[in-house]
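Have a look at the structure below before the remarks.
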Amino acid sequence: MTQPPTPDTGVPVCYRHPGRESHIRCQRCGRPICPDCMRDAAVGFQCPDCIAEGRRETRSGRTTYGGLRPTNAATTSLVLIALNVGVWLSIVLTGGNGSRLLDYLELRANAFCNLGNGFINVQTDAATCTAHGATWMPGVADGAWWQLMTSAFTHVQPLHIAFNMFALYVLGPQLEMVLGRARFLAVYLLSALAGSVLVYWAGPEYSPTVGASGAIFGVMGALLVVALKMRANPQGILIWIGINFLVTFTASGISWQGHLGGFLGGVAVAGVLVYAPRGPRRTAVQVAGLTAIAVALVVATVLRTAALT
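Under the working numbering, the first residue of the sequence shown is numbered 4, with each subsequent residue one higher.
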């Protein structure tokens, strides 16, 4: 972007009227604008060029960052909520904490043979374990790679799923409205995977982890990136992030690895989406960036598996 001219004193001037001092900047592109060029926007003021571009994007059905503009920004979040609730009900109806379905969906770094009464055997294999009437508890290192994603849709405790789904219901539509459906799903799913990968690396080897919290923290991280990019007031989302991280590191039984990994994943994915250069190659750059993040997570998973086996 061409820098606007400035007088010798260093005072910024309007990019359309070089002779006029300007101490107001467009909330979208950051260029100085004078009172004659200020246009009211949803947040602050924008320049005439950005207002015109926004109108073109609205007519074309595209969001600011290239996604298709959703007709109902809550639809995707409601579908995700329905999936989480459906899995939760299936677990409840098949035994809750004792559900065999839960054993296969929850994230466990390594497998073991559950002998009952608190005893386990980590030296045997699945065939030997089940042949002796014990219960085999699969893990990612043993080949249950699907747990990296299914665990993000798995809950047992009612309060756990209630809080996560409430957060998704409140925050999800806000992010989808800005990014579009496909890009919102990319944030959600890659954040969930990032949270699981950090749990795989830094969490307990045999204890299970469940919950959509990694994906939710990813949505919060993405909203923070969007707010900073748009130069909007980030106070609201910072309060959400602060409270949730406070609970994460002060309450017992919470996977800080999943929360931190999801948050960092959401920040990375949103950074790729909102900072990709405008123009016809924007989508290609976004896809390449998201692919690189996904590949990095897969490589991290492979390296951790090699270390455990």
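Glycine is no exception: its CB is placed at the ideal position from the N, C-alpha and C atoms.
Keep in mind the model is a prediction, meaning the values are calculated, not measured.
query                                                                                                                                                  : result
So, helix, strand or coil for Arg-307, using DSSP?                                                                                                     : helix
Report the rounded CA-to-CA distance for Val-229 versus Pro-207, giving the unit in angstroms.                                                         : 33 Å
What number of angstroms, rounded off, separates the C-alpha of Phe-220 from the C-alpha of Gly-22?                                                    : 47 Å
Would you mind listing the alpha helix (DSSP H) stretches within the stretch 51–93 that are 4+ residues and don't spill past its ends, in chain order? : 51–63
Short check: CB of Ala-303 to CB of Gly-292, under 8 Å?                                                                                                : no
In three-state terms, what does DSSP make of Met-233?                                                                                                  : coil
Taking a contact to mean a Cβ-Cβ separation below 8 Å, would you say Thr-79 touches Arg-184 in this structure?                                         : yes
Can you tell me whether Ile-246 is buried or exposed, with buried defined as 16 or more other CB within 10 angstroms of its CB?                        : exposed
Which of helix, strand or coil does DSSP assign to Thr-127?                                                                                            : coil
Could you tell me if Ser-154 is buried or exposed, where buried requires 16 or more neighbouring beta carbons within 10 angstroms of its beta carbon?  : buried
Under 6 Å Cβ to Cβ from Ala-195, same chain only, skipping five residues before and after it: list those, please.                                      : Ala-155, Gly-217 and Ala-218
Taking the beta carbon of Asn-120 as the centre, do at least 16 other beta carbons fall within 10 Å, making it buried, or is it exposed?               : exposed
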